[in-house]
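Residue numbers for the sequence shown, in my numbering: 99 to 329.
Beta carbons: idealized from backbone N, C-alpha and C, even for Gly.
Below you'll find the structure, written out as structure tokens, and then a few comments.
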Amino acid sequence: MNTAELSDIHPALRLRINPRARRIALRLDNSNRVMNLVVPKRFSMKKARIFALEHQGWIKQKLEELPAQIQFEHGTKVPVLGALRTVNINYDTTLKITNIALNSNEIMVSTNQEDPTNRITRFLKREARATLSGLASEKAAEINKTISAIQIRDTKSRWGSCGPDGRISFSWRLIFAPWESMDYVVAHEVAHLVHMNHGKEFWALCAELCEDYPAGKKWMRANGHELVRYG
Ligand SMILES: [Zn+2]
Numbered sequence: 099m100n101t102a103e104l105s106d107i108h109p110a111l112r113l114r115i116n117p118r119a120r121r122i123a124l125r126l127d128n129s130n131r132v133m134n135l136v137v138p139k140r141f142s143m144k145k146a147r148i149f150a151l152e153h154q155g156w157i158k159q160k161l162e163e164l165p166a167q168i169q170f171e172h173g174t175k176v177p178v179l180g181a182l183r184t185v186n187i188n189y190d191t192t193l194k195i196t197n198i199a200l201n202s203n204e205i206m207v208s209t210n211q212e213d214p215t216n217r218i219t220r221f222l223k224r225e226a227r228a229t230l231s232g233l234a235s236e237k238a239a240e241i242n243k244t245i246s247a248i249q250i251r252d253t254k255s256r257w258g259s260c261g262p263d264g265r266i267s268f269s270w271r272l273i274f275a276p277w278e279s280m281d282y283v284v285a286h287e288v289a290h291l292v293h294m295n296h297g298k299e300f301w302a303l304c305a306e307l308c309e310d311y312p313a314g315k316k317w318m319r320a321n322g323h324e325l326v327r328y329g
């Protein structure tokens, strides 16, 4: 059996054979908006299908309960760099290029594009890169470390990572997180330049590099999945 053979039960149902799983289970992946049917290695595929069929109503309900995606449409409120800002689209066919500005309470878009969503996304990615790079470099300088490279990605569950070669990457979606959460994720990755573990000394350094890391960490744990809703 494969995922395609489950599509009649629900189009967002995915088969995941997991050798470490002890029993069959349904796991909601809210970042990717799919339901995983986790099946132990030697489990009967016939029984797995029956199990999914028995839970068909529940699968449908859980997926429907997921909060809707928030598109960058005129009038939509989006939290950007710690402030709730309204997308303000001014459509003007005489314009040659799209201009976007981040104002205190709005994302001002002047465009000749019927659908400027991609432009807005690109703009926000650039803003994210500038802010995250600046913040990371500042924190690294505080502890006399240098970052060999900073990458901005579209990761949906790992908000940041730090390699042994000193390369740090962040998800551009951190731009939608409250300020203390962004600050915490940056402090966390910069602290990995010194400690490649999550030991006591690592957390002490996080506290040095971040004003209120427990608050930022707590928010990310509880609400991080919300960041994938935008765009
Ligand atoms: Zn870590």
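Task: Anticipated Cβ contact below 8 Å, A275 with M318, distance rounded - done: Mapped onto the sequence shown, residue 275 falls at position 177. Mapped onto the sequence shown, residue 318 falls at position 220. Indeed they touch by this definition, with Cβ atoms about 7 Å apart.
TODO: Report yes if the C-beta of H296 is less than 7 Å from at least one heavy atom of ligand 1; otherwise report no.
DONE: Position 198 of the sequence shown, counted from the first residue, corresponds to residue 296. Distances taken from the Cβ of H296 to the heavy atoms of ligand 1 include one shorter than 7 Å.
Open item on the list: Going by beta-carbon coordinates alone, are I248 and L222 separated by less than 8 Å?
Closed with: Counting from 1 along the sequence shown, the entry for residue 248 is found at position 150. Counting from 1 along the sequence shown, the entry for residue 222 is found at position 124. At the C-beta level, I248 and L222 stay beyond 8 Å of one another.
TODO: Could you tell me which residues DSSP pairs with K175 in its beta bridges?
DONE: Taking the first residue of the sequence shown as position 1, residue 175 is located at position 77. Paired residues: T184.
- [ ] Could you check what DSSP says for L161 in three-state terms: helix, strand or coil?
- [x] By one-based count along the sequence shown, residue 161 stands at place 63. The three-state reading of DSSP puts L161 in helix, counting H, G and I together.
Task: Alpha carbon of I205 to alpha carbon of G329, nearest angstrom - done: As a position in the sequence shown, residue 205 is number 107, starting the count at 1. As a position in the sequence shown, residue 329 is number 231, starting the count at 1. If you take the alpha carbons of I205 and G329, they lie about 13 Å apart.
Open item on the list: Please give the ranges of any beta strand (DSSP E) in the stretch 118 to 161, keeping only runs that are unbroken, at least 3 residues long and fully inside the region.
Closed with: For the stretch 118 to 161, whole beta strand (DSSP E) runs of length 3 or above, ordered along the chain, are 123 to 127 and 132 to 137.
TODO: Leaving aside the five residues before and after K160 along the sequence, list all residues of the same chain whose C-beta is less than 6 Å from its C-beta, in chain order.
DONE: One-based indexing of the sequence shown puts residue 160 at position 62. Answer for K160: L126, listed in chain order.
Task: Enclosing beta strand (DSSP E) for L272 [first to last residue] - done: The count along the sequence shown starts at 1 and reaches residue 272 at position 174. From DSSP, L272 is part of no beta strand (DSSP E); its letter is neither H nor E.
- [ ] Look at the alpha carbon of E162 and the alpha carbon of E306, and state the distance between them as a whole number of angstroms.
- [x] For this step, residue 162 is matched to residue 64 along the sequence shown. For this step, residue 306 is matched to residue 208 along the sequence shown. Cα atoms of E162 and E306: separation of roughly 42 Å, rounded to the nearest angstrom.
Open item on the list: Which residue marks the beginning of the alpha helix (DSSP H) containing R227, and which one marks its end?
Closed with: Start at 1 with the first residue of the sequence shown, and residue 227 comes out as number 129. According to the DSSP assignment, R227 belongs to the alpha helix (DSSP H) that extends over T215 to E240.
Open item on the list: Under 7 Å: does the beta carbon of H290 sit that close to some heavy atom of ligand 1?
Closed with: Indexing the sequence shown from 1 puts residue 290 at position 192. Checking every heavy atom of ligand 1 against the Cβ of H290, one is found closer than 7 Å.
- [ ] May I ask you to check if the CB of H286 is nearer than 7 Å to at least one heavy atom of ligand 1?
- [x] Residue mapping note: residue 286 aligns to position 188 of the sequence shown, counting from 1. The closest heavy atom of ligand 1 lies less than 7 Å from the beta carbon of H286.
- [ ] Pick out whichever of P214, I218, P109 and T196 has its Cα sitting closest to the Cα of M133.
- [x] Taking the first residue of the sequence shown as position 1, residue 133 is located at position 35. The option with the nearest alpha carbon to M133 is P109.
Open item on the list: In the DSSP output, which residue or residues are listed as bridge partners for S208?
Closed with: The residue labelled residue 208 in the question sits at position 110 within the sequence shown. Within the DSSP secondary-structure output, S208 pairs in a beta bridge with N188 and N197.
Task: A110 - DSSP class collapsed to helix/strand/coil - done: As a working mapping, residue 110 is identified with position 12 in the sequence shown. In the displayed model, A110 falls within coil according to three-state DSSP, outside both helix and strand.
Task: Classification of L291 by the beta-carbon crowding that lies within 10 angstroms, buried from 16 upward - done: Translated into positions along the sequence shown, residue 291 becomes position 193. So L291 ends up on the buried side.
- [ ] Can you give me the Cβ contacts of E309 inside the same chain, cut-off strictly under 8 Å, excluding the 5 residues immediately before and after it?
- [x] Within the sequence shown, the letter at position 211 stands for residue 309. Same-chain partners within the cutoff: E278 and D281.
Open item on the list: With three or more beta-carbon pairs closer than 8 Å as the criterion, would you say the stretch 262 to 274 touches the stretch 319 to 326?
Closed with: With contact defined as three or more Cβ pairs closer than 8 Å, the stretch 262 to 274 and the stretch 319 to 326 are in contact.
Task: Opening and closing residue of the alpha helix (DSSP H) in which L319 lies - done: Working through the sequence shown from its first residue, we reach residue 319 at position 221. As written in the sequence, residue 319 is Arg, which differs from the Leu given in the question. Residues Y311 to N321.
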